[in-house]
Amino acid sequence: MNDRNTDTGIGAAVLRKEDRRFITGFGRYTDDINEVGQCHAVFLRSPYARADIGEIDVSAPLEMDGVIAILTGRDMAADGLGDLPCGWSVKSKDGSDMISAPHPPLASERVNYVGEPYGVVLAETRQAARDAAEAVATDFGELEAVVVLKTATSSEAIHEAVPQNRCYLWELGDEQATDAAFQNAAHVVTLELTNNRIIPNAIEPRAALATHNPASDEITLYTTSQNPHLARLILSAFVGLSPEHKLRLIAPDVGGGFGSKIFVYPEETTVAWAARRIARPVKWAADRSESFLTDAHGRDHLSRVELALDADGQFLGLRVRTTANLGAYLSLFAASVPTYLYGTLLAGQYRTPAIHVEVEGVYTNTVPVDAVRGAGRPEATYVVERIVEVAARQLGIDPVELRRRNMIQPDQFPYQTPVALVYDTGNYQASLDRALDAIDYGGFPARRAASEAAGKKRGLGFACYIEACGLAPSQLAISLGAGVGLYESGEVRVNPTGSVTVFTGSHSHGQGHETTFAQIVSDRLGVPFDDVEVVHGDTGRVEFGLGTYGSRSVAVGGSALVVAADKVIAKGKLIAAHMLKADPAAIDFESGEFSVRDSNQSLSFGEVAFAAYVPADYPEDLEPGLSEKAFYDPENFTFPAGTHIAEVEIDPQTGVTEVVAFVAVDDFGEVINPMIVEGQVHGGIAQGIGQALLEHGVYDDQGQLITGSYMDYCMPRADDLPDFDVDTTITPCTHNPLGVKGCGEAGAIGSPAAVMNAITDALGTEEITMPATSEKVWRICRGD
Amino acid sequence: MNVEFTVNGTAHTLDVEPNTLLVDVLRSTLGLTGTHVGCDTSQCGACTVHLEGRAVKSCAVLACQVDGGTITTIEGIGTVDDLHPMQEAFRECHALQCGFCTPGMIMSAIDLVERGEAGDEGSVRAGLEGNICRCTGYHNIVRAVLHAAQRM
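Chains as they are written, first to last, in this note's numbering: chain W, 1046 to 1829; chain Z, 207 to 358.
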């Protein structure tokens, strides 16, 4: 293991810088931070899925010990705070705009999901705030809730402005060409699929701590955010909390996000507003029950999928009709997840010439649904890879062979799909081949026979997935409805002594950027890895940023650092040329040395850095200092792809499914730190297996969340999972300077389809939905 | 009510409410914020500390229950310059990502090894059933615990 440390550059499995604080208890998460004089917030939350808010009687709780104030949505509305916006606007197929329902941070007239906040209690202790919140008497007029997705469009309208509860009816692809493909098909395979609702469950619950300085009028807000600059922009430009230059957001150590901490939520908005209003620092930390009730959930699709094939098993057309649950309001990215992050991926790894998808985005009286690890792409992969597997079974073709017949060939890139994307590069066969070797595909029949002899059922399932990451070319994204650009910013600040402080707009909440980004800059500038420090997550220190989601950090944020580092080198060459009395064009830079070509004259990086700040012998027309910024806007998405194979064994007596082997061979392009990349894949696979076997966010008919704790929502534990066999193949991304594609979501994208293909293979039926709990499996085995 | 106990070798006498949880005393009163709170049903294990050398979930222990007791938290098992073998193994095996479950996971893992129940992968997986990690998929945590068990 020590061998891994000998090199710290790109490609080395460098141990992580950030681990020292995390393993010793010196991480600083939001709830670890306290301000002198702080008080504690506990929210008033709706017990009903849909109700009118009547009188809120706070007279008794206001008299309780330690209670400072009780503020409601009506107070917030009176202060003129605006609604929480959706950052992506989607158009319906008829050209009309989606219908966005107003989403006040605190409800003032009506609540629309259980747990929706309509007020906040501020008290000296958390316990006092809790006790007072219990004592608030609110007169609710309960209304019938719309909970069932399938019938939501025929139910009463939740929001006055949204008839049939339909936010949009979006389409992509050529409907006529797809219809024609089906008319010419030798085979049509049809499947109804449910993509189960999941709850993200970062282990650190969301939290916020706000202070307001009355003299400067500046608000400082510590918050559990994946993108503090974007949150600041929204809180100032849309919510109107405070001008941008009077608002500092700090996302310190953040304990996992998985998408759920991208969004701007009511709670941090309220805490910041309340801190100014009562002139006290205000702290809030969610308990896990609040996380279940109020973190944006994920997935929750119903789909009808049809695949048309010719007599040889060539795909001719794919038709997909999906109903996507958006919850009670549109969360920040909600509109884009079941549309542009979903429909565009339905070509998968295949040459399917005609594809048409329609997505109906629907409001229900449930917590908003938004991006969770993979965000649209696991849903697309589930659709494509389940129908391909079922087609292979129905046509009697080996599932590997059917995929091979239809895969885009390595010499066909760049490849224009019928659903808007241009894949820049890839080699899907290479990942597939290596995965087949790893799982020992040839040995499967013998393993299955051995299981059967022992009274067990064994199955093998594939998922050859593709994803679009590295979001995104700004102009393209804005033309499709994005409300902001999708570049990333970076700054490489060389200190006078030659050490380097790197500022990035990406945010690390487990991904290890302090290590990976230091590797990139250290490698580029030839300075020691330990001399590079990475700063992120503070709008007061980092110029701007769009944050971390969609596996974009290295591809976009890392590329920005490369561009900034190259500017440092370019300026360093001018300084070195002056000092060495040479032509700047004759200066080479390599391994931290500026040298005059074809000479023995050179200066170290540190000498040039020092000269930049102590400009004694220095070019007259050059500014002192050695610090460079870059905003990197990608030319295209990146397209990680790979093959995941799950092998399961089912005990028919108990219905328990054991994942006995899981192979993932992914093409992430170039790999900066293979140790970190493997870890990202492991975690993603665990979440995908969790979705396939265990996890399900369930509301009852009245809209009460009945999976609201770890007693009821089944998180994967160590003994639910196998060791994972992960490997990579490499086709470098063609359009960013690192050749990287992104690795954060692949595990969660490929694994649900692979596991469900394996389970349906073992059971011999397609009639099972995620999660394939032991009860469902047991009933099928019994023939119920 | 007054309670006396020792935390990481330092004796404390504190006035606590009868319903005060041990984890709140550790985090809020003593400032030992390495111990985390990840749930409210004693499931996630992020708050795991050692009481008399055995792993307990400090969210499920009242401060008054540990009167006279000896407690060790993540801050008390090693230092940045002199890591406990389990801390070292977690770093070497990349057994953590966001770090939030890590202190509890390390405290549980040490207890598991000291009880002699970390002999193989299966027993480690079973033994960590009370600690939830959302980042790592447990693969590297299991490797780290087996690795540390060789060194402890």
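Glycine included, every Cβ here is placed at the ideal spot set by N, Cα and C.
What is the DSSP secondary structure of V1566(W), reduced to helix, strand or coil? DSSP places V1566(W) in helix when its eight states are reduced to three.
If the cut is a Cβ gap below 7 Å, which residues of chain W does E196(Z) touch? Given a span of 207 to 358 for chain Z in the structure shown, any question on residue 196(Z) remains unanswerable.
Between which residues of its own chain and N1050(W) is the CB-CB distance below 6 Å, once the five residues before and five after are set aside? Interpretation of N1050(W) is limited by its pLDDT of 36, a score under 50 that renders its predicted location unreliable; the figure taken from the coordinates is listed afterwards. Nothing meets the Cβ criterion.
How should C1212(W) be labelled, buried or exposed, when 16 other C-beta atoms within 10 angstroms of its C-beta is the threshold for buried? When all chains shown are included, C1212(W) counts as buried.
Between F211(Z) and Y1532(W), what straight-line distance do the alpha-carbon atoms span, to the nearest angstrom? Inter-residue distance for F211(Z) and Y1532(W) is about 53 Å (C-alpha atoms, whole angstroms).
Neighbouring residues, chain W, relative to P309(Z) (Cβ below 9 Å): Simply F1067, I1068, T1069, G1070, G1072.
Through-space distance from G1792(W) to G1733(W), alpha-carbon basis: In this structure, the straight-line span from the alpha carbon of G1733(W) to that of G1792(W) is close to 7 Å.
Got a sec, what are the start and stop residues for the beta strand (DSSP E) V1545(W) sits in? 1545 to 1549 is the span of the beta strand (DSSP E), which, as asked, contains V1545(W).
What alpha helix (DSSP H) runs, 4 residues minimum, are completely inside the segment 1199 to 1248 of chain W? Within the segment 1199 to 1248 of chain W, the complete alpha helix (DSSP H) runs of at least 4 residues are 1220 to 1228.
So, are the CB atoms of H1401(W) and R1431(W) less than 8 Å apart? With a cutoff of 8 Å on beta-carbon distance, H1401(W) and R1431(W) are scored as not near each other.
Could you compute how far the alpha carbon of N1047(W) sits from the alpha carbon of V1539(W)? For N1047(W), the predicted structure reports a pLDDT of 34, less than 50, and the residue's modelled location is therefore unreliable. A value from the coordinates is still provided. Going from the Cα of N1047(W) to the Cα of V1539(W) covers about 30 Å.
Report the three-state DSSP secondary structure of E1635(W) (helix, strand or coil). In the structure shown, E1635(W) adopts extended strand secondary structure according to DSSP, grouped into three states.
For F1303(W), decide whether its Cβ has a neighbour in chain Z, counting only Cβ atoms nearer than 8 Å. At a cut-off of 8 Å between C-beta atoms, F1303(W) counts as an interface residue with respect to chain Z.
Should A1480(W) go down as buried or exposed, given a rule of 16 or more other Cβ atoms within 10 Å for buried? With 16 or more Cβ atoms within 10 Å of its Cβ, A1480(W) is classed as buried.
Rounded to whole angstroms, what is the Cα-Cα separation between F1067(W) and G284(Z)? Rounded to the nearest whole angstrom, the CA to CA distance from F1067(W) to G284(Z) is 12 Å.
For P1009(W), name the three-state secondary structure that DSSP assigns. There is simply no residue 1009(W) to check, as chain W begins at 1046 and stops at 1829 in what is shown.
Helix, strand or coil for H1401(W)? Go by DSSP, reduced to three states. For H1401(W), the three-state secondary structure derived from DSSP is strand.
With which residues is C1084(W) paired in a DSSP beta bridge? Answer is V1327(W), bridged to C1084(W).
Where does L1619(W) fall in DSSP's three states? It is helical.
Below 7 Å on C-beta distance, what does G215(Z) contact in chain W? Under the 7 Å cutoff, chain W gives no residues; its nearest Cβ is about 15 Å from G215(Z).
When the cut-off is 8 Å and only beta carbons count, does A315(Z) lie next to chain W? No - not a single Cβ of chain W is within 8 Å of the one on A315(Z).
Report the rounded CA-to-CA distance for E1189(W) versus T1315(W), giving the unit in angstroms. Their Cα atoms are separated by approximately 28 Å.
Mind checking which residues open and close the beta strand (DSSP E) that includes A1057(W)? Annotation for A1057(W): no beta strand (DSSP E) segment contains it, and DSSP assigns it neither H nor E.
Positions along the segment 242 to 264 of chain Z whose CB lies within less than 8 Å of some CB in chain W: Cβ contacts with chain W come from H242, V243, G244, C245, D246, T247, Q249, C250, A252.
Residue environment, A1499(W), which counts as buried when at least 16 other CB atoms sit within 10 Å: Flag for A1499(W) reads exposed.
At what residues does the beta strand (DSSP E) containing L220(Z) begin and finish? Run containing L220(Z): 216 to 221, per the beta strand (DSSP E) assignment.
Please work out which residues of its chain come closer than 7 Å, Cβ to Cβ, to T219(Z), disregarding the five sequence neighbours upstream and downstream, and give them in chain order. Only N208, E210 meet the Cβ criterion.
Quick check on V1467(W): buried or exposed, where buried means 16 or more other Cβ atoms within 10 Å of its Cβ? Exposed, since its Cβ has fewer than 16 Cβ neighbours within 10 Å.
Measuring CB to CB, does E320(Z) end up less than 8 Å from S329(Z)? Result no, Cβ atoms of E320(Z) and S329(Z) do not sit closer than 8 Å.
Contact set between the segment 1234 to 1252 of chain W and chain Z, restricted to residues whose Cβ is under 9 Å from the partner: Within the segment 1234 to 1252 of chain W, the qualifying residues are P1245, N1246, A1247, I1248, E1249, P1250.
Straight-line CA distance for Q303(Z) to T342(Z)? Near 7 Å, if we compare the C-alpha coordinates of T342(Z) and Q303(Z).
Taking the beta strand (DSSP E) that R1827(W) falls in, what are its first and last residues? It is not in any beta strand (DSSP E) - R1827(W) instead sits in the alpha helix (DSSP H) that spans 1819 to 1827.
What does the Cβ neighbour count give for T1542(W), buried or exposed, with the cut at 16 atoms within 10 Å? With fewer than 16 other Cβ atoms within 10 Å, it is exposed.
Those residues which DSSP pairs with V1112(W) across a bridge: Answer by DSSP bridge pairing, in chain order: A1168(W).
Would you verify that the beta carbon of V1641(W) is, or is not, closer than 8 Å to some beta carbon of chain Z? For V1641(W), no CB of chain Z lies under 8 Å from its own CB, so it is not counted at the interface with that chain.
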